[in-house]
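Residue numbers (the numbering used here): 321 to 450.
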């Protein structure tokens, strides 16, 4: 299963950079759920909600591919690294161009082991440079 969504467009938020992601490992052992709240994006600017979800999912996929017997604590360590990378990416965007200084995103992610119902959760508040 794989689902990706953005919140509905509005007259106030154009474009809306919020993102939601639901992904299940191929063997269906783990379910990954993420939600990102992005602020500061305007037409033609990066969607930080989608960017941070993609970064974390890429880290998790590599972890699941490299170790089929991965444990919840190991997934937690991968999430720590992934969230650091997502934070650095948004901060790098902030530094690239003055137009991007107001871009940021909050992100929450939970990974659930389907069989044991054990889970690991990470979240980060707004990532930005002011």
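Where a beta carbon is used, it is the ideal one built from N, C-alpha and C, also for glycine.
DSSP links residue 443 through a beta bridge to 428. For residue 395, same chain residues with a beta-carbon under 6 Å away, outside a window of 5 residues either side, are 431, 440 in chain order. Residue 445 and residue 367 have their C-alpha atoms spaced approximately 16 Å apart. In this chain, the beta strand (DSSP E) harbouring residue 357 covers 350-359. Nearest neighbour of residue 442 by Cα position, chosen from 398, 378, 416, turns out to be 398. The three-state reading of DSSP puts residue 423 in coil, since its state is none of H, G, I, E or B. Between the alpha carbons of residue 423 and residue 357 lies a gap of roughly 11 Å. When C-beta atoms of the segment 335-345 are compared with those of the segment 367-384, three or more pairs fall below 8 Å, so the two segments count as touching.
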